[in-house]
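**Q** Chains G and S supply the protein sequences, listed in that same order.
Numbered according to my numbering, the first sequence spans residues 6 to 365.
Numbered according to my numbering, the second sequence spans residues 13 to 294.
Glycine is no exception: its CB is placed at the ideal position from the N, C-alpha and C atoms.
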Amino acid sequence: MVEVRLEKVTKTFGKVIAVDNASLTFEDKKLTTVVGPSGCGKTTLLRMVAGLETPTQGSVYIGDKLVNEVPPWDRNVAMVFQSYALYPHMSVFNNIAFPLKARKRPREEIKKRVTDTAELLEVSELLDRKPRELSGGQMQRIALGRAIVRQPDVFLMDEPLSNLDAKLRVYMRAEIKKLQRLLGVTTIYVTHDQAEAMTIGDTLVVMNDGKICCIGHPDSVYSKPKDTFVATFIGSPAMNLLEGNLESDKGLFVTESLKYKLPNSMTRVTKEKGASKLILGIRPEDIIVENFKANGFVKTEVYMIEQLGRELLLSLKIGQHIIKAIAPTDIKLEIGGVAWMKFDETKLHVFDGKTDGLIV
Amino acid sequence: MVSLSYRQKRLLSQTIMYAVAAIIMIYCLFPIAWIFITSIKPPGAEFHIPIEYIPSKVSLDNYIEIFVEHKFHYYLLNSLVVASATTILVLAIGSLSAYAIARLRFKFRISSLLTILVVGMMPSIVMILPIFLIIRELGLMNTWLGLIITHAVFSLPITVWLLASYFAELPFDLEDAAKIDGYTPSSIYRKIIMPLSVPGLFSAGILAFIASWGEFMFALTLTHTIQARTALVLITTLPGAYHLKWGMINAGVILTLIPIIVIVLVFQKWVMRGLTAGAVKY
Ligand SMILES: Nc1ncnc2c1ncn2[C@@H]1O[C@H](COP(=O)(O)OP(=O)(O)OP(=O)(O)O)[C@@H](O)[C@H]1O
Ligand SMILES: [Mg+2]
Numbered sequence: 006m007v008e009v010r011l012e013k014v015t016k017t018f019g020k021v022i023a024v025d026n027a028s029l030t031f032e033d034k035k036l037t038t039v040v041g042p043s044g045c046g047k048t049t050l051l052r053m054v055a056g057l058e059t060p061t062q063g064s065v066y067i068g069d070k071l072v073n074e075v076p077p078w079d080r081n082v083a084m085v086f087q088s089y090a091l092y093p094h095m096s097v098f099n100n101i102a103f104p105l106k107a108r109k110r111p112r113e114e115i116k117k118r119v120t121d122t123a124e125l126l127e128v129s130e131l132l133d134r135k136p137r138e139l140s141g142g143q144m145q146r147i148a149l150g151r152a153i154v155r156q157p158d159v160f161l162m163d164e165p166l167s168n169l170d171a172k173l174r175v176y177m178r179a180e181i182k183k184l185q186r187l188l189g190v191t192t193i194y195v196t197h198d199q200a201e202a203m204t205i206g207d208t209l210v211v212m213n214d215g216k217i218c219c220i221g222h223p224d225s226v227y228s229k230p231k232d233t234f235v236a237t238f239i240g241s242p243a244m245n246l247l248e249g250n251l252e253s254d255k256g257l258f259v260t261e262s263l264k265y266k267l268p269n270s271m272t273r274v275t276k277e278k279g280a281s282k283l284i285l286g287i288r289p290e291d292i293i294v295e296n297f298k299a300n301g302f303v304k305t306e307v308y309m310i311e312q313l314g315r316e317l318l319l320s321l322k323i324g325q326h327i328i329k330a331i332a333p334t335d336i337k338l339e340i341g342g343v344a345w346m347k348f349d350e351t352k353l354h355v356f357d358g359k360t361d362g363l364i365v
Numbered sequence: 013m014v015s016l017s018y019r020q021k022r023l024l025s026q027t028i029m030y031a032v033a034a035i036i037m038i039y040c041l042f043p044i045a046w047i048f049i050t051s052i053k054p055p056g057a058e059f060h061i062p063i064e065y066i067p068s069k070v071s072l073d074n075y076i077e078i079f080v081e082h083k084f085h086y087y088l089l090n091s092l093v094v095a096s097a098t099t100i101l102v103l104a105i106g107s108l109s110a111y112a113i114a115r116l117r118f119k120f121r122i123s124s125l126l127t128i129l130v131v132g133m134m135p136s137i138v139m140i141l142p143i144f145l146i147i148r149e150l151g152l153m154n155t156w157l158g159l160i161i162t163h164a165v166f167s168l169p170i171t172v173w174l175l176a177s178y179f180a181e182l183p184f185d186l187e188d189a190a191k192i193d194g195y196t197p198s199s200i201y202r203k204i205i206m207p208l209s210v211p212g213l214f215s216a217g218i219l220a221f222i223a224s225w226g227e228f229m230f231a232l233t234l235t236h237t238i239q240a241r242t243a244l245v246l247i248t249t250l251p252g253a254y255h256l257k258w259g260m261i262n263a264g265v266i267l268t269l270i271p272i273i274v275i276v277l278v279f280q281k282w283v284m285r286g287l288t289a290g291a292v293k294y
C-alpha cells in the first residue's frame with residue numbers, strides 16, 4: 006500500500022509562501038488531481054513529493070516512511086514533466102530504459118520491459134528515433150513510458166497534457182486514466198485545467214494561494230463547493246455570484262437591482278447561521294431561460310449571445326448584474342431584446358458574504 | 013537614376029558581398045601564403061631580386077634543416093603536450109566550476125563569477141613576476157607542468173564563462189528528470205550534462221588549446237631548453253647573430269601553424285554539428 010501523506014507542509018522561497026501548511030493524503034491506487042490557478046503552488050507541492058524540493062516545515066510520507074531527508078534518486082517515484090524533459094542525446098529506447106539502467110537491471114530485462122512499455126503505449130516503431138524527431142504527442146507518450154517502465158510507487162504528473170492540442174489532450178486524458186487504472190499506481194496529477202481535473206480524477210484537490218481549499222470527489226466539489234473560490238474556479242462557464250442581503254422576515258434576497266424570494270428551507274438555515282450579508286450562487290446551466298413571460302420568471306435584457314456549439318451562452322442583464330446562462334440553441338433571442346429567466350431552486354447555493362463559506 | 017530589376021539588385025549585392033569577402037580573405041591569407049612560398053624556396057633564394065612570387069625551384073631544404081639542426085620536432089612535441097594537457101586540465105576544472113556557478117545556488121555565486129572575470133581581464137604582463145617566482149619556488153622551471161599550470165590559469169576564466177553560459181541554457185527539467193529516474197548528481201553530470209555540452213566543451217577546448225599553443229611570454233620566461241621550450245618560442249630564437257635564415261624561420265612558422273589549422277578544420281565541424289543538431293532544443 007502506497008499512500009502519500011503531507012502533514013502541515015509549508016514551503017517558502019524567500020518571502021514567497023508557495024505552499025502554506027498543507028495537510029492531505031493522496032490515497033493508495035487512486036488518481037488525485039490537484040487543480041488551482043497559476044502560481045498557487047501545485048508544482049511546488051508535487052516537487053516536494055518527488056524530493057526535488059525540501060519542505061521548509063512539515064513532513065512528507067510515502068507509504069509509512071518519512072521521506073523529508075530522502076533524495077529523489079532514492080524515492081521510487083516517477084514524474085512526467087510539462088516539458089516532457091526527454092534526454093535529447095538519447096534514442097527513445099534509451100530514454101525509456103534510463104530509469105532501469107540506474108537500477109542496474111540485467112540487459113535482457115531492460116530490453117523486454119522497454120519493448121513491452123512501448124507496445125502498451127503504441128510507440129514501438131519510434132524506439133530508434135531521437136526526441137527531436139518526434140511530434141509533441143509522441144514525446145508525451147515517451148515521457149509517460151519512461152515513467153511507467155519502472156513500476157514506481159507513485160506517479161507524479163505536472164500538467165502533462167498542457168502542450169498538446171485540444172483534441173489530443175482529450176484523447177490522452179482518457180489514455181492516462183485507463184493506464185492508471187490498469188497499473189493501479191497512486192497518482193498525483195497537477196493541472197490548471199479544471200475540466201481536465203474533473204474528468205480524470207478520483208479525488209479532486211483545489212488549491213489557492215498555497216493553501217489546500219478543498220478535497221473531495223469531483224462531483225461533490227462541483228455540486229457542493231466549499232466556498233466562493235471553489236464555486237467559481239470549478240465549472241465552466243463559472244458560477245454566477247450575486248452579493249446582497251437577506252431580509253429575513255420575508256425570506257427575500259435583496260441586491261441593488263434584484264429581489265429574489267429564497268426557498269423557505271434556505272432562509273431557515275441561513276437565519277440559524279445568523280448571516281445577513283449573503284452571496285447567492287447559481288451555475289449558468291441551472292438557469293432556465295425563456296423568450297416569453299412565464300410564472301416566476303424575471304425580466305432581463307439580453308446583453309450578449311455566444312455560440313458554444315451545442316448550446317448558447319447568454320449574458321443577461323438585470324440592473325447592474327450580468328448573469329451568465331446556458332440556453333438551447335433553438336431559443337429565439339436577440340441582443341438588446343428581452344429574455345425571461347428563472348433559477349432552478351434546487352441548485353441554488355448560498356454563501357456567507359463575510360467568510361465566503363458555503364451556507365447551503 | 014537607373015532602376016534595377018530585382019534580379020539585377022540581387023546580383024549587385026551578391027557581387028559586393030563576394031568582393032568584400034575576397035578582400036578580407038586576401039588580407040588574412042596573403043601573409044600566410046607569402047610565408048609558405050618563402051619556406052619552400054631553396055635556402056637563400058628568399059633574398060633574390062627580383063622577388064619570385066612563384067618560386068622557380070621548389071625545395072624542402074628549409075624544413076629538413078629546421079628538423080635536423082634544431083630538432084624542431086622536440087619543440088613541436090613540447091607545444092603539443094603543453095597545449096593538450098592545458099586543454100584537458102582547463103576543461104576538467106573549468107566545467108566543474110562552470111556547472112557550480114550555473115546551477116548551484118550558493119552565497120558567493122555572483123561575486124565568484126565577477127572575480128573570475130576580473131582575473132581574466134588582467135593583463136598577463138602584470139602577473140609575470142609573481143608567476144615566475146611561484147613556478148621557480150615550486151621547482152617547475154623549464155618543465156611541461158610549470159607551463160601547463162600557467163596556461164591553465166589564464167585560460168580558465170574564459171572557459172568558465174563560456175561553459176557557465178552554456179550550462180545555463182540546459183533545461184533544469186532534464187536534471188530533475190534524471191534525479192527522479194534514480195541518478196545522483198555526479199552521474200547526472202556525466203550522463204546528461206557532459207554529453208549535452210559537447211559543442212560547448214569543444215569550443216572552450218579549442219580556445220584553450222589555441223591560446224596555449226600561441227602563448228609567447230610565459231613560454232619564453234618559464235622554459236629555456238629543448239626539454240620544455242615550445243615551438244613558437246624557438247622560432248623567435250632562430251635568427252642568428254650573423255645571418256638571418258628567413259626560409260628556415262618561415263618553415264618553422266608553417267609547421268607551427270599546421271596543427272592549429274587542422275584542429276580548427278576538424279573540430280569546427282564538431283562544434284557546428286553539435287549546435288545545428290539542436291542538442292538542447294527540442
Ligand atoms: N525556485 C523558486 N524560487 C522562487 N520562487 C519560486 C520557485 N518555485 C516556485 N516559486 C514561487 O512559488 C509560487 C508557486 O509556484 P508553483 O510553480 O508551485 O505554482 P504552480 O501552481 O505550479 O503554477 P503554474 O500553474 O503556473 O505552473 C509562485 O509564486 C512562484 O513564483
Ligand atoms: Mg506549475
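Report the start-end ranges of each beta strand (DSSP E) in the segment 58–141 of chain S that is 3 residues or longer and not cut off at the edges.
**A** Fully enclosed beta strand (DSSP E) runs of 3 or longer: not present.
**Q** For G44 (chain G), write down the residues that DSSP places opposite it in a beta bridge.
**A** None, per the DSSP bridge assignment.
**Q** Is it buried or exposed, S198 (chain S), if we count other Cβ atoms within 10 angstroms and call 16 or more buried?
**A** exposed
**Q** Comparing the C-beta of L186 (chain S) with each C-beta of chain G, is any distance below 8 Å?
**A** yes
**Q** Would the C-beta of G56 (chain G) count as close to ligand 1, meaning under 7 Å from any of its heavy atoms?
**A** no
**Q** Report all residues from its chain with a CB closer than 7 Å to the CB of L105 (chain G); omit the five preceding and five following residues, and keep chain order.
**A** I115, R118, V154, R155
**Q** Assuming I217 (chain G) and L29 (chain G) are in contact, meaning their beta carbons sit under 8 Å apart, how far apart are those beta carbons, in whole angstroms?
**A** 6 Å
**Q** Tell me which residues of the segment 195–208 of chain S have at least one Cβ-Cβ distance to chain G shorter than 7 Å, keeping chain order.
**A** Listed in sequence order: Y195, T196, I204, P207, L208.
**Q** According to a CB-to-CB cut-off of less than 9 Å, which residues of the segment 87–101 of chain G neighbour chain S?
**A** Q87, S88, Y89, A90, L91, Y92, P93, H94, M95
**Q** Could you spell out where the alpha helix (DSSP H) holding T272 (chain G) opens and where it closes?
**A** 269–278
**Q** Can you grab the Cα-Cα spacing for the pair N250 (chain G) / I327 (chain G), in whole Å?
**A** 18 Å
**Q** Based on the DSSP secondary-structure assignment, which residues constitute the bridge partners of Q312 (chain G)?
**A** G:L317
**Q** Please tell me whether Q87 (chain G) and K13 (chain G) are closer than 8 Å, where the distance is taken between their beta carbons.
**A** no
**Q** For A112 (chain S) and chain G, any beta-carbon pair shorter than 8 Å?
**A** no
**Q** Does ligand 1 have even one heavy atom less than 7 Å from the beta-carbon of S91 (chain S)?
**A** no
**Q** Tell me the residue span of the beta strand (DSSP E) that contains E12 (chain G).
**A** E12 (chain G): member of the beta strand (DSSP E) spanning 9–18, first to last residue.
**Q** Have a look at G:V355, G:A83, G:K347, G:Y66 and flag the residue whose alpha-carbon is nearest the alpha-carbon of V274 (chain G).
**A** G:V355
**Q** For the segment 89–111 of chain S, list every residue whose C-beta sits within 8 Å of some C-beta in chain G, in sequence order.
**A** none
**Q** Compute the beta-carbon to beta-carbon distance between I193 (chain G) and V39 (chain G), rounded to the nearest angstrom, for a pair I have assumed lies under 8 Å.
**A** 6 Å
**Q** Please tell me whether T272 (chain G) and G256 (chain G) are closer than 8 Å, where the distance is taken between their beta carbons.
**A** yes
**Q** Is H85 (chain S) near ligand 1, in the sense that its beta carbon is under 7 Å from a heavy atom of that ligand?
**A** Placement of the Cβ of H85 (chain S) at a distance of 7 Å or more from every heavy atom of ligand 1 is found.
**Q** Do F279 (chain S) and I218 (chain S) have their beta-carbon atoms positioned less than 8 Å apart in this structure?
**A** yes
**Q** Which residues in chain S have a C-beta closer than 8 Å to the C-beta of P77 (chain G)? List them in chain order.
**A** Chain order gives the chain S residues near P77 (chain G) as D188, K191, I192, where near means a beta carbon separation below 8 Å.
**Q** My assumption, with CB atoms under 8 Å, is that N74 (chain S) sits in contact with M206 (chain S). Please give the rounded CB distance.
**A** Rounded, the Cβ-Cβ distance is 44 Å, inconsistent with contact.
**Q** Quick one: residues in its chain with C-beta nearer than 8 Å to the C-beta of A291 (chain S), no 5 flanking neighbours on either side, listed in chain order?
**A** For A291 (chain S), the pLDDT reaches just 40, beneath the cut-off of 50, and the residue's location in the model is therefore unreliable, although a value from the coordinates is still provided. By the criterion of a C-beta distance shorter than 8 Å, A291 (chain S) is surrounded in its chain by L208, V210, P211, once the five residues flanking it on both sides are discounted.
**Q** Take T233 (chain S) as the anchor and find which of S:M29, S:A190, S:R148 has the nearest alpha-carbon.
**A** S:R148
**Q** Please tell me whether P169 (chain S) has its Cβ less than 8 Å away from any Cβ of chain G.
**A** no
**Q** When we look at the beta-carbon of K293 (chain S) and count the other beta-carbons within 10 Å, is it buried (16 or more) or exposed?
**A** Because K293 (chain S) sits at a pLDDT of 39, beneath the cut-off of 50, its placement in the model cannot be relied upon, and the point is left open.
**Q** Checking 8 Å against the spacing of the C-beta atoms, do P62 (chain S) and I52 (chain S) come in under that value?
**A** no
**Q** Does the beta carbon of A27 (chain G) sit closer than 8 Å to a beta carbon anywhere in chain S?
**A** no
**Q** Determine contact between the segment 118–128 of chain S and the segment 259–274 of chain S, defined as no fewer than three beta-carbon pairs at a distance below 8 Å.
**A** no
**Q** Run down chain G in chain order and give the residues with a C-beta less than 8 Å from the C-beta of L183 (chain S).
**A** In the sequence as presented, Leu is not what sits at residue 183 (chain S); that position holds Pro. Residues of chain G passing the Cβ test: S88, A90.
**Q** Following a CB-centred definition, is V14 (chain G) positioned closer than 7 Å to any heavy atom of ligand 1?
**A** no
**Q** For the beta strand (DSSP E) holding E295 (chain G), just list the boundary residues, first then last.
**A** 292–295
**Q** Taking CB distances under 8 Å as the criterion, tell me whether V7 (chain G) reaches chain S.
**A** no
**Q** I'd like to know whether the C-beta atoms of I204 (chain S) and Y92 (chain G) end up nearer to each other than 8 Å.
**A** If you check the CB distance, I204 (chain S) and Y92 (chain G) come in under 8 Å.
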